[in-house]
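Worksheet: one structure, shown below.
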């Protein structure tokens, strides 16, 4: 593997980590909003999750 390949791989792994962290944070917030009964907040967070997941395709 060349240094350019390693640099590219590192970049993609870091991007993937950021995406996973963002989705994990949003899903935790959605669960919290559901638990406290704030359905407007829950729906907004779910919309953000859907938008984020749409970038995966």
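Residue numbers (the working numbering): 50 to 106. Positions of the beta carbon are idealized from the N, C-alpha and C atoms, including for glycine.
For residue i, name the three-state secondary structure that DSSP assigns.
i	result
residue 68	helix
residue 75	helix
residue 105	coil
residue 51	coil
Using the rule of at least 16 other Cβ atoms within 10 Å of the residue's Cβ for burial, across every protein chain shown, is residue i buried or exposed?
i	result
residue 62	exposed
residue 66	exposed
Which one of the options has the shortest CA to CA distance from residue i?
i	options	result
residue 99	56, 50 and 68	68
residue 105	84, 57, 71 and 50	71
residue 91	64, 78, 54 and 103	78
Alpha helix (DSSP H) containing residue i: first to last residue?
i	result
residue 87	Looking at the DSSP string, residue 87 is not in any alpha helix (DSSP H), and its letter there is neither H nor E.
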